[in-house]
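Quick note: the sequence shown uses the working numbering, first residue 34, plus one each step. Taking it in order: structure first as structure tokens, then the write-up.
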Amino acid sequence: MISTPHTHLVESLSEATHAIVIGFAFRDPYINSVFADTCRKNSSLKLVIVNPAPMAQIRQNLPRSIENFEHIPEGFGTDSVISSVRDSLP
């Protein structure tokens, strides 16, 4: 069976305890709804958001129903961000 990217994303998030989201600014309503629905159904899912934007901007765009997240306000590719992501995972 061929899986669509949407199906793969939903299935992966449904089974995950952590998801690392790199550079996504949560400005796409459709993808936001995928994250929100999946987080609502999978209460153990924690989003680790790597984005240099200020927290206020991330919070403004992030669906209100998503509460279990950590924001790492760094650009990807630096040694410090890799360390910060490692610290966010179990």
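Here a beta-carbon is modelled for each residue, glycine too, at the ideal position from N, C-alpha and C.
Annotated as proximal: P96 and N65, with beta-carbon spacing under 8 Å. One alpha carbon belongs to I55, the other to S113, and they sit about 14 Å apart. For the options E48, L42, D70 and S47, the alpha carbon positioned closest to that of S98 is the one of D70.
Annotation for A58: N84, A86 and N94 place their beta carbon closer than 7 Å to its own, counting only its chain and skipping 5 residues before and after.
Within the model, the alpha-carbon separation for L78 versus S121 is close to 13 Å.
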